[in-house]
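Chain order of the listed sequences is U and R.
Residue 276 is where the first sequence ends in this note's numbering, and the numbering goes up by one at each step.
Residue 561 is where the second sequence ends in this note's numbering, and the numbering goes up by one at each step.
A virtual CB, placed ideally from N, CA and C, is assigned to each residue, including glycine.
Here is the structure we will look at, set down as structure tokens.
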Amino acid sequence: MTAPVQELRSSRADGREPAVRLDAVSKVYGRELLALDRVTLSVDRGEFVCLLGASGCGKSTLLNLVAGLDRPTAGEIDTRGGRIAMMFQEPALFPWLTVSANIELALRVTSSAKSTTKKERRERAAELLDIVHLAGFGAKRPHELSGGMRQRVALARALAQDADVLLMDEPFGALDAMTRDLLHDELERIWRERELSVLFVTHNVREAVRLGDRVVLLSSRPGTVIEDFPITLPRPRRTDSGDVAELASTITGRLREEVLRHAKPAQQSAGTGIEK
Amino acid sequence: MTVDISQQIAGLDALELSNRERRGLAARIWSRTWPMVSAILMVLVIWELVVLSGWRPEYVFPGPITVLGDLGNRLGNPEFYAAVAVTMRRAITGFAVAVLVGLVVGAAVSRVRPLRAAFGSLITGLQTMPSIAWFPLAILLFKLSESAILFVVVLGAAPSIANGLIAGVDYTPPILLRAGHILGLRRLALYRHVILPASLPSFLSGLKQGWAFAWRSLMAGELLVIIANQTSIGEQLDNARELSDAPGLLATMIVILVIGIVVDMCFGAADNALRRRWGLDQRVG
């Protein structure tokens, strides 16, 4: 299972250095449950990588490992000492703080060495809110905003960490299609301007094709990399364009194969890598 | 292009923002007071009916008019205010010490696992212990003194306060802990910026419950531990019974009830304010 992946990786050797590198990373929960099986993956500096997979493929587990929220059972994760920010499916804003104070807290923790003043942080928070088109909402409480606005505050908070790597765990999954389209444009703009390296987890194939430089397909139970699609369509792309739809249906087909494999009788389990 | 996007976003935002308006102050006060006023009126009517039925002679169980008259006389008497002042001083001192003890114990128990295993259920056990059962020991330890009363007040209130904090820490939403971790908050910083603020609502309800226990313990204490030459609400109640002063007795009981309700309303207001700030008050419809 790992051999074709190795090939794929070497085939796109273009001299860019990786911002995140996972080397044969496995994660076992409890005694038996193998969530990730020897995943090898890298995200280059400034690259936008989408991780795609059906449920149970350990996408979120993988992000948690990269974020340092959890430790791998085996294998190595190298983030080159870069700062890592993360967005979740929920905004996860602190309800006791105003929108601005949420961002200021991130600034405060991040810039503790540089010791900024409260005034500087407030101004910086206002700038960041402006970037996500929320200028003037700093004094509001998170619950006073809509879901899409809260998610943008979460994005501003992640940007406040001045991170090199942005991990996103289905950040737009709970939003309506129109808001999501707009946020795709926003994210793409910010990603380019700030030269971020993004690892974006989603189960939405079109979203992955719309955003990614590469779409990495994970198998389910256990999660392993099964295919790595480079997306060379010119940007900006539109989720409803023909090219995106065509590529998305190819990838969906591959994903369906993977799902069907699980519907077959148990003798297939030898091929899934579960060691009994 | 970008102008277009920002306008679209602004349009969506404007559509999605809830335009919930709070009603005026007068309307809110009225909507809260009228049920209370009618409940009080109802109680007074039932009380008067019981008296009129002749179940007990009037010198044993006087009607509301006599009692409220007596209460009115008391309100003009400086001795009454001295008694209330002594009782409230004890209540505030005892409650403050209980908050301190509850905070320290709660923080330690919620943070240190062996302490949790050792004392977690003991604290809950202490909470169910009737505080009046502590008085014999308190009197043995501190004689008939204010220390004996405060000892029991603190023991009555502290477990609830500690439990409130522990529950708050336990139920800190995991997603907020993860968000804090991602921001780089660790240990004490995580405690200060995430766990403590997140446990505030639970801590507040612990405080409210703690106050109820403190107030009960204090009244029991003031009836049992009567200190010579020092008036207090409990002492006045005991005095009224000894003199068979039924109107005075009932008037003092009303005072105890009203103080309890007023303080409880203060906690309720704090709780409401918190819920509104956090957006926890959004009911359906």
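Own chain, CB closer than 6 Å to residue i, minus 5 neighbours either side, in chain order
i	result
U:GLN267	Residue placement at U:GLN267 is flagged as unreliable, the pLDDT there being 49, under the threshold of 50; a coordinate-derived value is accordingly withheld.
U:PHE292	Given that chain U is displayed from residue 1 to residue 276, the structure contains no residue 292 of chain U and the question cannot be resolved.
R:GLY370	LEU426, VAL429, VAL430, ALA490
R:ILE408	ALA496
U:SER219	ILE226, GLU258
U:THR73	SER26, LYS27, VAL28
U:ASN277	Outside the modelled stretch of chain U, which goes from 1 to 276, sits residue 277 of chain U, for which no answer is possible.
R:VAL373	VAL430
U:PRO18	SER42, ASP44
As assigned by DSSP and simplified to three states, the class of residue i
i	result
U:LYS27	strand
R:MET541	helix
U:PRO142	helix
U:LEU292	The structure shown does not extend to residue 292 of chain U, since chain U is modelled only from 1 to 276, so the question has no answer here.
U:PHE229	strand
R:THR365	Note on identity: in this sequence residue 365 of chain R is Arg, with Thr being the wrong assignment. Note: R:ARG365 maps to helix in three-state DSSP.
U:LEU22	strand
U:ALA74	strand
R:GLY352	coil
U:ARG157	helix
R:PHE337	coil
U:LEU41	strand
U:ASP85	Note on residue identity: the sequence assigns Ala, not Asp, to residue 85 of chain U. Here U:ALA85 sits in strand by DSSP.
U:THR202	strand
R:VAL373	helix
R:SER421	coil
R:GLY330	coil
R:SER508	coil
R:VAL429	helix
U:SER241	coil
U:PHE48	strand
Any non-hydrogen atom of the ligand FMN within 8 Å of residue i CB
i	result
U:ARG141	What this structure holds is no ligand at all, so the ligand FMN is not there to describe.
Integer-rounded CB distance, given that residue j should sit under 8 Å from residue i
i	j	result
R:ARG366	R:LEU426	7 Å
U:LEU69	R:ARG454	6 Å
U:THR134	U:MET149	The question names Thr, but residue 134 of chain U is Leu in the sequence shown. Confirmed, Cβ separation roughly 6 Å.
R:VAL445	R:SER386	4 Å
U:GLY212	U:CYS50	4 Å
U:ALA208	U:LEU52	5 Å
R:ALA434	R:VAL377	4 Å
R:THR363	R:GLU498	7 Å
U:PRO236	U:GLU188	6 Å
U:VAL205	U:THR239	Between U:THR239 and U:VAL205 the Cβ distance is about 10 Å, and since that is not below 8 Å, they are no contact.
R:VAL531	R:TRP487	Not confirmed; about 17 Å, so no contact.
R:PHE543	R:LYS484	4 Å
U:VAL216	U:ASP228	5 Å
7 Å Cβ shell around residue i - same chain, five flanking residues per side excluded
i	result
U:THR110	ALA160, GLN161, ASP162
U:GLY147	ALA174, LEU175
U:TRP191	PHE48, VAL198
R:PHE418	ALA424, PHE427
Neighbourhood of residue i by C-beta, 8 Å cutoff - its chain only, sequence neighbours within 5 removed
i	result
R:TYR452	Reading the sequence as shown, one finds Leu at residue 452 of chain R and not Tyr. Once the five neighbours on either side are set aside, the close Cβ partners of R:LEU452 are VAL470, ALA474.
R:ILE502	LEU420, GLY510, GLU511, ASP514
U:LEU29	Before going on, a small fix: residue 29 of chain U reads as Tyr here, not Leu. Excluding sequence neighbours, U:TYR29 sits near ALA35.
U:MET87	GLN151, ALA154, LEU155, ALA158, LEU166, LEU167, MET168, ASP169, PRO171
R:PHE411	ALA424, VAL428, ALA496, GLY497, LEU500, VAL501
R:VAL326	PHE337
Cβ-based burial, residue i [other Cβ within 10 Å; buried from 16]
i	result
U:ASN102	buried
U:ARG214	buried
U:PRO91	buried
U:THR277	Residue numbering for chain U in the displayed model covers 1 to 276; residue 277 of chain U lies beyond these limits and cannot be assessed.
U:GLU170	buried
U:GLU280	This structure gives no information on residue 280 of chain U, because the portion of chain U shown stretches from 1 to 276.
U:THR117	exposed
R:ILE357	Reading off the sequence, residue 357 of chain R comes out as Tyr, not Ile. Under this definition R:TYR357 is an exposed residue.
R:TRP306	exposed
R:ASP346	buried
R:LEU459	buried
U:PRO222	buried
U:ALA125	buried
U:THR79	buried
U:SER249	exposed
U:LEU93	buried
U:PRO142	buried
R:TYR467	buried
R:THR309	exposed
R:ILE368	exposed
Report task. Count the CB pairs spanning the segment 382 to 389 of chain R and the segment 435 to 443 of chain R that are closer than 8 Å, and state whether there are at least three. Result -> Segments in contact, yes.
Report task. For the segment 521 to 533 of chain R and the segment 333 to 344 of chain R, state whether three or more C-beta atom pairs, one from each stretch, are separated by less than 8 Å. Result -> The segment 521 to 533 of chain R is in contact with the segment 333 to 344 of chain R.
Query raised in the report: Quick one: any contact between the segment 177 to 188 of chain U and the segment 281 to 295 of chain R, if contact means 3 or more CB pairs under 8 Å?
Result: Judged by Cβ distances under 8 Å, the segment 177 to 188 of chain U makes contact with the segment 281 to 295 of chain R, as three or more pairs qualify.
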